[in-house]
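Here's the structure we're looking at; comments come further down.
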Amino acid sequence: MRRLSPIFAFAFVLSVVTLPLWAADGSAGSSGRDRSPAGPVVSAVAGVTGIAISPLLGTGAYGAYTYFSADAEDRANLPWFAQVSFWLPALGLVGAAAAKDAAGAALPPGWKKPLDVLDTLENKVTGLVAAGAVVPFSMSILSKAILGGGDGMALSPEVISTGSLATIHLAAIDWSWLLNILTIPFGVAIYAVVWMASHAINGLILLSPWGAIDAALKAGKTALFGLVTLSATIDPWIGAILSLVVILISALIAGWSFRLTVFSWIFCWDFFTRRNRRFSVGMHRTTVFAGVGLKGVPQRTYGKLVHGDAGKNTFVYKPWMVMAEKTVEFPEGANLAAGRGAFFSNVTDGENELLVLPPRYRTHEAEMASMYGFKGGVEPIGLNKAWSWLKSAMGFGRKTSTATA
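Numbered according to my numbering, the sequence shown spans residues 44 to 448.
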């Protein structure tokens, strides 16, 4: 039952999305519509939050809603994401991804990892597209709704009959461009924080060796999108409150999300470009990620391992990749070894993971062990240790005899 959770979550979200579409044609004039000045803002915040949680699903659902809400004669002039040629295949891809996650829960560990990498890359691409096109469009609609009182009433008969000529001229000016300067950066900032937190789930899936964990993570992500969408459909204010909670939590974990986002970027790049075939430990700087066992550094921090003249190794990094450089002394000991995994490698002291190595280091573990003086050499690491992953986001089996490459 657990392995089918992504399918159930997708079916729930699909029902949440399609039910409002059936009633979209008659919703414009309904008495239940929120006509308060804050109504457009509330709806926009919930919409941007939903798209950020799942860009492809959110953009497809938003496009479908825009399509069915428009008059038949106006649908040809809708933006590209509101055309059937986009939102229908987009929702189909989301369904295919849910089926992949459900089937992957029954596969041996690592078998669906290439599809997980492809899924992560899709989330990055659609996330950037939504940030650059869909979110600014929704914020532009918000600006016009605010200036027009939500119903385009800026030049209503009351204004014309009671206002002076100067008032009419002032009301005739389109000030939406000025408001866009404020609303679009605001919307993109909200989107970026929430998307980064949501995208961190894809990073965890790349690290996870167990398909059941992947399915649970994806199901939770999809269910959260459905909850935001459903609450916004029932009552925009409830949807806005839930969205604000999501935004607040996303802001609090922004550092953790950023580190996992950087990790997934480099993982995907190394995996698809087969960087390990063009990489040499001695010719390139040793860029790595901090593991749970490296003290004084947040886990998954991107940095470089430096071998000093005195023979000591240090981990050098910049917080948020732009701040002042910091240095942490790397542990020493006879148990230090480079672990060789199926998709990426790491460095361990026999008990804890000290470093996570990007996929470019695959087949180069012996070179790294020799260059940095890891006396334990190279040892295999297992992907089927799910209990260990729950403790450190990547598990190890019992130490086996040292292998040489």
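Beta carbons are placed, not taken as given, at the ideal position from N, Cα and C, and that holds for glycine.
Values in this document were obtained by computation on a predicted structure and should not be read as measured data.
Buried versus exposed call for residue i [16 or more other C-beta atoms within 10 Å across all chains shown]
i: F122; result: Going by the sequence as given, residue 122 is Pro instead of Phe. Looking at its Cβ environment, which holds fewer than 16 other Cβ atoms inside 10 Å, P122 is exposed.
i: W22; result: No statement about residue 22 is possible, as the shown extent of the chain runs from 44 to 448 and does not include it.
i: P157; result: exposed
i: D352; result: exposed
i: A446; result: Reliability fails at A446, whose pLDDT of 35 lies under 50, so the model's placement of it is uncertain and the value that follows must be treated cautiously. Answer is exposed; the Cβ neighbour count stays below 16.
i: V160; result: buried
i: S181; result: buried
i: K347; result: exposed
i: R302; result: buried
i: L291; result: exposed
i: F396; result: Checking the sequence shown, residue 396 turns out to be Glu, not Phe. Buried: at least 16 other Cβ atoms inside 10 Å.
i: R343; result: buried
i: K338; result: exposed
i: W363; result: exposed
Distance between residue j and residue i (C-alpha atoms, nearest Å)
i: T357; j: I248; result: 29 Å
i: A377; j: G354; result: 14 Å
i: E422; j: A243; result: 29 Å
i: A174; j: Y234; result: 7 Å
i: A119; j: T109; result: 12 Å
i: E410; j: V324; result: 7 Å
i: G282; j: V289; result: 11 Å
i: S128; j: A255; result: 33 Å
i: A139; j: S388; result: 30 Å
i: D144; j: G298; result: 27 Å
Contact under 7 Å by Cβ, residue i with residue j
i: F315; j: G246; result: no
i: G90; j: A133; result: no
i: S293; j: V237; result: yes
i: S300; j: M366; result: no
i: P279; j: S86; result: yes
i: G416; j: A380; result: no
i: G170; j: P228; result: no
i: T226; j: L287; result: no
i: V371; j: T92; result: no
i: L164; j: C311; result: yes
For residue j and residue i, believed in contact at Cβ under 8 Å, the rounded distance
i: L260; j: S274; result: About 22 Å; that fails the 8 Å criterion.
i: V399; j: G334; result: 5 Å
i: Y21; j: V390; result: Past the edges of the chain, shown from 44 to 448, lies residue 21, and the structure says nothing about it.
i: V177; j: F124; result: 6 Å
i: G101; j: F268; result: 7 Å
i: D313; j: P402; result: 4 Å
Continuous alpha helix (DSSP H) stretch holding residue i: start and end
i: V349; result: No alpha helix (DSSP H) holds V349; the beta strand (DSSP E) holding it covers 345 to 350.
The beta strand (DSSP E) enclosing residue i, as first and last residue numbers
i: S388; result: 388 to 391
i: V168; result: It is not in any beta strand (DSSP E) - V168 instead sits in the alpha helix (DSSP H) that spans 156 to 172.
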